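Below is one structure; the comments refer to it alone.
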């Protein structure tokens, strides 16, 4: 596997994490492609790897092609590339099905890293879960071998289940980060510093490493503190978007807590119920 010639197609956030990981693992990354010469050059200079922004210049004789491009870009790009049909072809998407790669040959699969990536952040790729899938058992064996070189956490997950995982990741990461953005806006309007929230964010993230998210939940909505909820809504009365979002999330927390209490009560009732002979 370490001698296989790897072509990385894409130069976005995922590629900026994957390319150094391939090199660190001693794998033979031999070319980088991006649709813009600027992004291709940036990653090429960062890694010292040959790069191109022309699809016709993508090496046609590679052993492994890894597509790290957006979901929208991948289908059209597949139609334009000419590559070795005996090669192992992979995509890194959380949402696209395995079969999208079928036009490129008989050996195709998925190598989906479940993580959020930013170009300027350096991550330990060995700690990132890699979700894998392949068209047949022989190809899956090769994908697993490659994944095992890169990460200590490998999970075989089907396309349908990977879509669900990606949906959950959007809630857990993208939506949560957007809430940070909204919180920052609330603070900025009053001249307060977002840094005040960083210890809270840190502790919130660490709690779910030891407890379930439901167990870690706190706040006025869970407590049913109507006075605080009403006060917060009054503070948001001039921002209908934030008020609506606050109401929806608070109602969801309350409903989740109510359901938890009902289940707990039912369980306790069954435990206390005398056995009938």
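Residue numbers (the UniProt record's numbering): 1 to 277.
From the three backbone atoms N, C-alpha and C, an ideal C-beta is built for every residue, glycine too.
Just so it is clear, the structure is predicted and the values come from calculations on it, not from any experiment.
Cβ-Cβ distance between residue i and residue j below 7 Å
| i | j | result |
| --- | --- | --- |
| residue 150 | residue 25 | yes |
| residue 32 | residue 51 | yes |
| residue 2 | residue 62 | no |
| residue 220 | residue 229 | yes |
| residue 125 | residue 21 | yes |
| residue 200 | residue 194 | no |
| residue 257 | residue 207 | no |
| residue 68 | residue 36 | no |
Secondary structure of residue i, DSSP reduced to three states
| i | result |
| --- | --- |
| residue 109 | strand |
| residue 135 | coil |
| residue 58 | coil |
| residue 36 | coil |
| residue 173 | helix |
| residue 130 | strand |
First through last residue of the beta strand (DSSP E) which encompasses residue i
| i | result |
| --- | --- |
| residue 154 | 154-156 |
| residue 90 | 88-91 |
| residue 67 | 64-67 |
Where the alpha helix (DSSP H) containing residue i begins and where it ends
| i | result |
| --- | --- |
| residue 11 | Here residue 11 belongs to no alpha helix (DSSP H), and DSSP marks it neither H nor E. |
| residue 258 | 240-272 |
| residue 78 | 74-80 |
| residue 231 | 226-235 |
Residue environment, residue i, which counts as buried when at least 16 other CB atoms sit within 10 Å
| i | result |
| --- | --- |
| residue 109 | buried |
| residue 102 | exposed |
| residue 248 | exposed |
| residue 224 | exposed |
| residue 276 | Note that residue 276 scores a pLDDT of 49, beneath 50, so its modelled location is shaky; the value from the coordinates is reported in the next line. Answer is exposed; the Cβ neighbour count stays below 16. |
| residue 180 | exposed |
Top-ranked residue by Cα proximity to residue i, from the options
| i | options | result |
| --- | --- | --- |
| residue 114 | 137, 143, 157, 141 | 157 |
| residue 142 | 124, 193, 203, 87 | 87 |
| residue 65 | 79, 11, 83, 268 | 83 |
| residue 173 | 205, 226, 215, 136 | 205 |
| residue 27 | 80, 40, 146 | 146 |
| residue 139 | 105, 118, 227 | 105 |
| residue 77 | 98, 54, 130 | 54 |
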